[in-house]
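Take numbering that gives the first Met the number 0: the final residue in the sequence shown is number 397, and no numbers are missing along the way. The beta carbon of each residue, even a glycine, is placed where N, CA and C say it ideally should be. This report concerns only the one structure given below.
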Amino acid sequence: MNRRLFASNRKTPLLFTAAVLACCMLLCACNKGTPKSGRNTSDGEKLEGSDTAAVTTTSGTTSAATTATDDTQPYVDRDYTQIYIPDSTPYKKITLDGVKDHHFIADDFCYIETERSFLFLDKDIELPGDFADNVDAIINELENQLGISACPDSFDYCGVTDNSIYYGGFNPWEGWCTGKKIPIFLMVDRESKGLISCATASDAVLVIYECFSDELWNSVPEYRDNPWRRFDYMDYDSIAHELTHTITERNCDLTDILTEGIAQYMAGTVIDALADDYPSIGEYKEKTEPYDFSVPEAVNADNAERIFIEDYNTLTAMERGPEYVYGKYLYNFLSEEYGADYFSRLNTYITANGLHYDYGYYDGDATVKYAEAIKSIFGDDVFTKFGSWCVANNHLQE
Ligand SMILES: [Zn+2]
0 MNRRLFASNR
10 KTPLLFTAAV
20 LACCMLLCAC
30 NKGTPKSGRN
40 TSDGEKLEGS
50 DTAAVTTTSG
60 TTSAATTATD
70 DTQPYVDRDY
80 TQIYIPDSTP
90 YKKITLDGVK
100 DHHFIADDFC
110 YIETERSFLF
120 LDKDIELPGD
130 FADNVDAIIN
140 ELENQLGISA
150 CPDSFDYCGV
160 TDNSIYYGGF
170 NPWEGWCTGK
180 KIPIFLMVDR
190 ESKGLISCAT
200 ASDAVLVIYE
210 CFSDELWNSV
220 PEYRDNPWRR
230 FDYMDYDSIA
240 HELTHTITER
250 NCDLTDILTE
260 GIAQYMAGTV
270 IDALADDYPS
280 IGEYKEKTEP
290 YDFSVPEAVN
300 ADNAERIFIE
310 DYNTLTAMER
320 GPEYVYGKYL
330 YNFLSEEYGA
340 DYFSRLNTYI
350 TANGLHYDYG
360 YYDGDATVKY
370 AEAIKSIFGD
380 DVFTKFGSWC
390 VANNHLQE
């Protein structure tokens, strides 16, 4: 089942006030055991790097880190915590050279294996040479700040998600397994359908205009005629947001406010933490400024807990946004008031007590349990203190 909720980015560029499409969390099942669809193994043009030589290509066949098994039957019982790449894949393994000003343009499907992830590139994706390094830095920093693992033993790993819906019904990565590394799909919305980034525990799907090649961009009138829709810096905020979803969802279930809030909050704090050491992430911070959604009701000591329990469940899809900003400030408050391990404490409580929540499906009884969890961890007065903090700091007041 694919179901997406829309939301806008937490930041806007300095020059534009229009919110940028960014995120949602997508619920879908992994593809373990799903029937094998037709595969076009002849679709394997050779890849070429750009003239700046940002990359080297190597054979896409089994590397030392992979386990060679029968790729004609990719959905066999296997250890899904291990990497598996079908021997017959026609798609090349790419290595970026780490230089920001060097760019790689994919003229066929291809992939990059990093220390923490697999990047699956759609055709016409263009990446700066430091992209993979920055993604790994974000994953490492998310683990550091969240106090949880991006690859917990408790997670039920499965093969690479069937995202053929993005590829016109064709799945280039059928039968692949990335082990405990996070599959990250870099997709092109080549028909300007309004595709947006999203994430699950299994993977993150990034639809980022700044990753579209110039040739692709200029071939689509909706893009070419609206150059303001993309910027001259990479949207690492959206990347951090989506990867937060993947990492947190691998560890525990969260309500909508807690799900979007931690992604919003982490996107800001991770960028702040990495900006000095990673120039492209620093560039993002320098060229954008914080942006908050409005809320339908100013938050105070008297209503903060009720609003948390209601989880903005009556808002329509087009009104989504308050849960992102309420959640962001709730975590901001918890961090300031109770210390840096606020999320790992919440995660430990949720898993120890078996709390479950289906993102996007409002369940009032369940949100009460999450409110009780937060009070058990941080004190019965946590929501009244949070409401007072919001008023004192002029957060969530309009
Ligand atoms: Zn999100």
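Classify Val-381: buried if its beta carbon has 16 or more other beta carbons within 10 angstroms, exposed otherwise.
buried
Would you tell me roughly how many angstroms separate the C-alpha atoms of Asn-133 and Gly-167, rounded to the nearest one?
29 angstroms
Leaving out five residues on either side along the sequence, give the residues of the same chain with a beta carbon under 7 angstroms from the beta carbon of Pro-151.
Arg-249 and Asn-250
Once DSSP output is grouped into helix, strand and coil, what is the label at Lys-91?
strand
C-alpha distance - Asp-76 paired with Ser-201, whole-angstrom precision
18 angstroms
Within the same chain, show all residues whose beta-carbon is closer than 8 angstroms to that of Ser-343, passing over the 5 residues directly before and after it, in chain order.
Leu-145, Gly-146 and Ile-147
Should the segment 345-353 be regarded as contacting the segment 278-288, the criterion being three or more beta carbon pairs within less than 8 angstroms?
no
Just tell me which of Ile-246, Ser-218 and Phe-211 has its CA closest to the CA of Arg-229.
Phe-211
For Thr-350, the three-state DSSP class (helix, strand or coil):
helix
CB contact flag (Glu-322, Asp-255, <8 angstroms)
yes
Taking Asp-135 and Gly-97 to be in contact with their CB atoms under 8 angstroms, please state how far apart those CB atoms are, rounded to whole angstroms.
Not confirmed; about 11 angstroms, so no contact.
Cutoff 6 angstroms; reference Ser-387; Cβ partners in own chain excluding five residues on either side
Ala-300
Beta bridge counterpart(s) of Asp-268 as assigned by DSSP
The amino acid occupying residue 268 in the given sequence is Thr; Asp does not appear at that position. Thr-268 pairs with nothing; no bridge assigned.
In the DSSP assignment, find the unbroken alpha helix (DSSP H) run with Val-219 in it and report its ends.
Counting along the chain, Val-219 falls outside any alpha helix (DSSP H), and DSSP gives it neither H nor E.
Tyr-323 in three-state terms, based on DSSP
helix
How would you write the range of the alpha helix (DSSP H) that Ile-246 sits in, first residue to last?
235-248
Across which residues does DSSP place Thr-177 in a beta bridge pair?
Ile-82
Per DSSP, which residues does Val-398 bridge with? Please list them.
Here the chain comprises residues numbered 0 to 397, so residue 398 is not present and cannot be evaluated.
For Gln-263, decide whether its Cβ has a neighbour in chain D, counting only Cβ atoms nearer than 8 angstroms.
Going by chain labels, chain D is absent from the structure shown, which holds only one protein chain.
Nonlocal neighbours in the same chain, by C-beta distance under 8 angstroms from Leu-141, ignoring five residues either side:
Ala-149, Ala-239, Leu-242, Thr-243, Ile-246, Met-265 and Val-269
Check whether the Cβ of Ala-266 sits closer than 7 angstroms to any heavy atom of ligand 1, and report yes or no.
no
Taking Thr-287 as part of the alpha helix (DSSP H), name the residues at either end of that continuous run.
Per DSSP, Thr-287 belongs to no alpha helix (DSSP H); it is in the beta strand (DSSP E), 287-289.
Is the Cβ-Cβ distance between Phe-292 and Ala-370 less than 8 angstroms?
no
Endpoints, the alpha helix (DSSP H) within which Leu-314 is located
From DSSP, Leu-314 is part of no alpha helix (DSSP H); its letter is neither H nor E.
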